[in-house]
Amino acid sequence: MEIKKLPEPTIRFLSEEKKVLCDKAWLKKQKENLELYYMHRGVKRKSDLRYDITIIPPQMLGKEFVKTKGHEHSDEQELYIVLEGKAIFLLQKYKNKKVEDVYAVIAKKGDLCLIPFDYGHVTINPSRQKLTLANWIPEKNKSSYSLFEKMQGACYYYTSKGWIKNKKYKKIPTLRFEKPLKSAPKNLNFFRYEQD
Numbered sequence: 004m005e006i007k008k009l010p011e012p013t014i015r016f017l018s019e020e021k022k023v024l025c026d027k028a029w030l031k032k033q034k035e036n037l038e039l040y041y042m043h044r045g046v047k048r049k050s051d052l053r054y055d056i057t058i059i060p061p062q063m064l065g066k067e068f069v070k071t072k073g074h075e076h077s078d079e080q081e082l083y084i085v086l087e088g089k090a091i092f093l094l095q096k097y098k099n100k101k102v103e104d105v106y107a108v109i110a111k112k113g114d115l116c117l118i119p120f121d122y123g124h125v126t127i128n129p130s131r132q133k134l135t136l137a138n139w140i141p142e143k144n145k146s147s148y149s150l151f152e153k154m155q156g157a158c159y160y161y162t163s164k165g166w167i168k169n170k171k172y173k174k175i176p177t178l179r180f181e182k183p184l185k186s187a188p189k190n191l192n193f194f195r196y197e198q199d
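Put into structure tokens, the structure is as follows:
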């Protein structure tokens with residue numbers, strides 16, 4: 004897909020992500036206007052879907068690798084494509100006040116990751132290179148950040164020492180790993196319910 008010019012990005016600042024970070028001691032010493040990543044929304048549109056591009060430069064947020072804020076949306080699926088760099092997608096299913104499932108997908112350029120219905124997710128840049136992602140998502144997507152803000156992030160953090168559990172969650176399943184997709188699923192339905 005050829006893109007001539009990206010729309011102006013929405014910038015995610017540290018001030019917007021402070022509730023989801025692991026390293027609170029590091030956070031106290033930082034400027035809140037630190038830029039973490041850039042979201043170019045609506046680069047392309049196709050029927051009810053929107054194509055976005057997100058650029059996540061490499062950096063450490065204390066002991067944790069830079070990541071997206073994390074969000075949930077129960078009635079839509081989302082498809083990510085790694086355009087440049089390396090990504091870790093952390094997906095968790097939270098229901099009845101507990102995590103029912105959690106897994107990570109490690110992806111490189113050309114790999115895809117499907118975010119299923121009822122899963123929240125965080126994207127991590129675990130490398131020293133810029134991570135560029137594209138995603139297809141329903142135009143009317145309603146992302147909820149409240150669980151991640153309340154629980155100080157996802158149930159696992161990815162740090163310079165590897166994966167550590169987020170102690171705000173009472174019971175956390177063992178983290179498992181799934182392989183990325185090499186191509187988009189055929190007849191992919193982005194919506195749980197029929198759209199009007």
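Residues in the sequence shown are numbered consecutively from 4, following my numbering. C-beta atoms are modelled at their ideal positions from N, C-alpha and C, and glycine is treated no differently.
- Pairwise C-alpha distance: Tyr-161 and Ile-167: 7 Å
- Message: By the DSSP assignment, the beta strand (DSSP E) with Phe-16 in it spans what residues?
- Response: 13-16
- CA-CA distance, Tyr-106 and Asn-36? 31 Å
- Item | Boundaries (first-last residue) of the alpha helix (DSSP H) holding Ala-187 | Counting along the chain, Ala-187 falls outside any alpha helix (DSSP H), and DSSP gives it neither H nor E.
- Return the bridge partner residues of Glu-67 from the DSSP annotation. In the DSSP output, where bridge partners are listed per residue, Glu-67 has Leu-64, Thr-162.
- Task: With DSSP collapsed to three states, give me the class of Phe-194.
- Result: strand
- Task: Could you pull the start and end residues of the beta strand (DSSP E) that Glu-35 belongs to?
- Result: Taken as a continuous stretch (DSSP letters only), Glu-35 belongs to no beta strand (DSSP E), as it is neither H nor E.
- Item | Own chain, CB closer than 7 Å to Lys-145, minus 5 neighbours either side, in chain order | His-76
- Query: Does the beta-carbon distance from Leu-86 to Thr-126 come in below 8 Å?
  - Reply: no
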